[in-house]
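Participant:
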Amino acid sequence: MSLEVDGADEAQTEAVTKNLVFMAAERLFALHGFQNVSVRDITAEAGVNLASVNYHFGSKDALLFEIFRRRTTELNRERARLLHEANDRHGGKPPVREILAALFIPPLRWMAPENDRRISLQFLIRARSEGTEEIRTILRTDVTHLRRFSDALTAARPDLPDVEVYWRLHFVLGMLHNNRFSEFDRMNALADGRMGEADTAALLERMLDFAEAGFIR
Numbered sequence: 001m002s003l004e005v006d007g008a009d010e011a012q013t014e015a016v017t018k019n020l021v022f023m024a025a026e027r028l029f030a031l032h033g034f035q036n037v038s039v040r041d042i043t044a045e046a047g048v049n050l051a052s053v054n055y056h057f058g059s060k061d062a063l064l065f066e067i068f069r070r071r072t073t074e075l076n077r078e079r080a081r082l083l084h085e086a087n088d089r090h091g092g093k094p095p096v097r098e099i100l101a102a103l104f105i106p107p108l109r110w111m112a113p114e115n116d117r118r119i120s121l122q123f124l125i126r127a128r129s130e131g132t133e134e135i136r137t138i139l140r141t142d143v144t145h146l147r148r149f150s151d152a153l154t155a156a157r158p159d160l161p162d163v164e165v166y167w168r169l170h171f172v173l174g175m176l177h178n179n180r181f182s183e184f185d186r187m188n189a190l191a192d193g194r195m196g197e198a199d200t201a202a203l204l205e206r207m208l209d210f211a212e213a214g215f216i217r
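Each residue of the sequence shown is one higher than the one before, counting from 1 in the UniProt record's numbering.
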């Protein structure tokens, strides 16, 4: 019996250590960039043994990929749930605005200053520009999560050729990706500080007004 208890305690300790490493790495990568963070930095931040990164994840690259995989899965799961709810409300054919809302709402929620997920969104932004070749390959080729949105938009605008839907979705994604941190800060400076980002509901409505207009004609 004591051996079973000891084994359970050891497994729990390992799970805690692994999570400490994961959370510390995500924060450091988000704030400082992948290349500027060492394994020693991660383990010092986590307060664990230097060997913990390799023991639990295999390498720094593998740790980066695991954070990327988990956070993109969580973000896209939220998007899929909102799109599913929109489908239920509209008999499987939601209007353009609700489709776009399902795409926009999760990252905007994560971006809110008071949300613990904000650091995860910062990490994902970094990963898009500084990630490994494995991450860049996934970003180029894994379109599963986008397919459900392009299909929904095509159903909402059957008069548009599908390639036109893809182009407009591309422009919408460009707007979404630029509405993050550095680009927002630059425009806020241009506006003399009048573009507050704290009101995410108002920001969402502005984004939806702009993006929906792109699908009207």
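Positions of the beta carbon are idealized from the N, C-alpha and C atoms, including for glycine.
These numbers were taken from a predicted model, which means no experiment stands behind them.
Pull up the distance between the alpha-carbon of T72 and that of S150, whole angstroms please.
Facilitator: Position 72 of the sequence shown, counting from 1, holds the residue named residue 72. Position 150 of the sequence shown, counting from 1, holds the residue named residue 150. Cα to Cα, T72 sits roughly 18 angstroms from S150.
Participant: What's the gap between the Cα of L103 and the Cα of R79?
Facilitator: Here residue 103 refers to the residue found at position 103 when the sequence shown is read from its first residue. Here residue 79 refers to the residue found at position 79 when the sequence shown is read from its first residue. Going by the C-alpha atoms only, they are around 6 angstroms apart.
Participant: Would you say R128 and L146 are within 9 angstroms of each other, going by their C-beta atoms?
Facilitator: For the purposes of this step, residue 128 is identified with residue 128 of the sequence shown, where counting begins at 1. For the purposes of this step, residue 146 is identified with residue 146 of the sequence shown, where counting begins at 1. Their beta carbons are not under 9 angstroms apart, which means R128 does not touch L146 by this criterion.
Participant: Please report the distance separating the alpha-carbon of L208 from that of E66.
Facilitator: As a first step, residue 208 must be located in the sequence shown, where it is residue number 208. As a first step, residue 66 must be located in the sequence shown, where it is residue number 66. Straight-line Cα distance between these residues: approximately 32 angstroms.
Participant: T72 by DSSP, collapsed to three states: which one?
Facilitator: Counting from 1 along the sequence shown, the entry for residue 72 is found at position 72. Looking at T72 - three-state DSSP - the assignment turns out to be helix.
Participant: On the criterion of 16 or more Cβ atoms from any shown chain inside 10 Å, does M187 qualify as buried, or is it exposed?
Facilitator: Within the sequence shown, the letter at position 187 stands for residue 187. So M187 counts as exposed.
Participant: Can E130 and F215 be called in contact, C-beta distance under 9 angstroms?
Facilitator: Indexing the sequence shown from 1 puts residue 130 at position 130. Indexing the sequence shown from 1 puts residue 215 at position 215. It is not a contact, given that the beta carbons lie outside the stated cut-off.
Participant: Please report how far the alpha carbon of E114 lies from the alpha carbon of T200, in whole angstroms.
Facilitator: Residue 114 sits at position 114 when you count from the first residue of the sequence shown. Residue 200 sits at position 200 when you count from the first residue of the sequence shown. Each residue's Cα considered, the two are about 11 angstroms apart.
Participant: Identify, in the order they occur along the chain, each residue of the same chain with its Cβ nearer than 7 angstroms to the Cβ of A30, setting aside the five sequence neighbours on each side.
Facilitator: Locating residue 30 in the sequence shown gives position 30, where the first residue counts as 1. Here the set comprises I119, Q122, F123 and R126.
Participant: On the DSSP letters alone, give me the boundaries of the alpha helix (DSSP H) that R118 sits inside.
Facilitator: The residue you call residue 118 lines up with position 118 of the sequence shown. Per DSSP, R118 belongs to the alpha helix (DSSP H) from R118 to E130.
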